[in-house]
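Protein chains in written order, with this note's numbering: chain A, 161 to 273; chain B, 1277 to 1387.
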C-alpha cells in the first residue's frame, strides 16, 4: 500500500476561496516537503517541515506538520488562478544517507476566476 | 540562483535505441536523483547518487543505468529503450538534509 496518501486527488475552487490539501503518512516522518508543479514542468519547492507541530507560511500558503509527524496539511487562503497546478508532498523517512524523497500522487488544483 | 538543468525537454526515440538523459547542477550538491513521473503512479525513484562515482538503486531501476563521473553531472541511460519507458523524467539534487531542487523535466516518448 502507498506509504504517503494525498487528499483530495483533485480540487476545483472559486477564486477567493480557501482550501486545504492533506498528506498522511503510514510511518513517522523525518521531514516533509511540499512542491507545486505546473503541467509538463518541473517541481517548484514550496516548504520543508521537520519538527512536530511546525508551521510555515509563504505569501498565502501555510503548511503544518502535526505533533506526531505523520500528517501534514497545506492551506491556501483566498485562492487565485496563479495557485492552479499539481501539489505534491514528499516524505523523508530517515535522517541518514542521501535524503530520498517518497512522493504522494499529487492533488490537482483548479481555480475558477 | 539555484539551477538544475536537464539537457532535453522533449525526446522521441525508437524501440531499442540507446538513450542518454543528462542533468547538470551548479550548486555543488552531493546528492543527485532521477525520478520518473507517470499518471496515476506519481513520482518514483529510479536511481540516486550521494557522491561522485557512487550510485544506489531506487524503487524502479530495471531497464536503467546511471553515470556520475563529475559531481555536477548525473546521467540516466536507457540501454535499449522500450515503449513502457515513455514517461516524464525528473532530475533533482540536494545537499544532505536540505531542500531538494528539481529540473524542468524531460518528456521521453518511445515509439
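Note that beta-carbon positions come from the ideal geometry of N, C-alpha and C, so glycine has one too. Note that this is a predicted model, so its numbers are computed, not measured.
Residue i by DSSP, collapsed to three states: which one?
{"i": "residue 1284(B)", "result": "coil"}
{"i": "residue 169(A)", "result": "coil"}
{"i": "residue 242(A)", "result": "helix"}
{"i": "residue 237(A)", "result": "coil"}
{"i": "residue 1359(B)", "result": "helix"}
{"i": "residue 1308(B)", "result": "strand"}
{"i": "residue 254(A)", "result": "coil"}
{"i": "residue 1298(B)", "result": "strand"}
{"i": "residue 182(A)", "result": "strand"}
{"i": "residue 1349(B)", "result": "strand"}
{"i": "residue 1336(B)", "result": "coil"}
{"i": "residue 209(A)", "result": "strand"}
{"i": "residue 199(A)", "result": "coil"}
{"i": "residue 224(A)", "result": "strand"}
{"i": "residue 1328(B)", "result": "coil"}
{"i": "residue 1376(B)", "result": "coil"}
For residue i, collect the residues of the same chain with a Cβ closer than 6 Å to its Cβ; drop the 5 residues on either side in sequence, then sort them by chain order.
{"i": "residue 214(A)", "result": "225"}
{"i": "residue 185(A)", "result": "164, 230 and 251"}
{"i": "residue 1295(B)", "result": "1289, 1354 and 1357"}
{"i": "residue 1309(B)", "result": "1324 and 1368"}
{"i": "residue 222(A)", "result": "235"}
{"i": "residue 1370(B)", "result": "1305, 1307 and 1376"}
{"i": "residue 167(A)", "result": "182"}
Determine the contact status of residue i and residue j, defining contact as a CB-CB distance below 9 Å.
{"i": "residue 220(A)", "j": "residue 204(A)", "result": "no"}
{"i": "residue 170(A)", "j": "residue 234(A)", "result": "no"}
{"i": "residue 1374(B)", "j": "residue 261(A)", "result": "no"}
{"i": "residue 247(A)", "j": "residue 266(A)", "result": "yes"}
{"i": "residue 1330(B)", "j": "residue 1349(B)", "result": "no"}
{"i": "residue 263(A)", "j": "residue 1311(B)", "result": "yes"}
{"i": "residue 249(A)", "j": "residue 192(A)", "result": "yes"}
{"i": "residue 206(A)", "j": "residue 195(A)", "result": "yes"}
{"i": "residue 1299(B)", "j": "residue 1384(B)", "result": "no"}
{"i": "residue 188(A)", "j": "residue 228(A)", "result": "yes"}
Would you please verify whether the beta carbon of residue i is less than 9 Å from any beta carbon of chain B?
{"i": "residue 201(A)", "result": "yes"}
{"i": "residue 209(A)", "result": "no"}
{"i": "residue 269(A)", "result": "no"}
{"i": "residue 261(A)", "result": "yes"}
{"i": "residue 171(A)", "result": "no"}
{"i": "residue 181(A)", "result": "no"}
Can you find a C-beta in chain A that's less than 9 Å from the C-beta of residue i?
{"i": "residue 1394(B)", "result": "Limits of chain B in this structure are 1277 at one end and 1387 at the other, which puts residue 1394(B) out of reach."}
{"i": "residue 1303(B)", "result": "no"}
{"i": "residue 1292(B)", "result": "no"}
{"i": "residue 1317(B)", "result": "yes"}
{"i": "residue 1366(B)", "result": "yes"}
{"i": "residue 1321(B)", "result": "yes"}
{"i": "residue 1380(B)", "result": "yes"}
{"i": "residue 1386(B)", "result": "no"}
Among the residues of its own chain, which have a CB less than 7 Å from the CB of residue i, if the five just before and after it don't count?
{"i": "residue 1327(B)", "result": "1306"}
{"i": "residue 1382(B)", "result": "1282, 1284, 1285, 1287, 1297 and 1365"}
{"i": "residue 198(A)", "result": "245"}
Can you list, in chain order, the residues of its chain whose CB lies under 8 Å from that of residue i, leaving out five sequence neighbours each side?
{"i": "residue 218(A)", "result": "206 and 207"}
Q | Given 8 Å, three or more beta-carbon pairs between the stretch 1277–1286 of chain B and the stretch 1311–1320 of chain B | A | no
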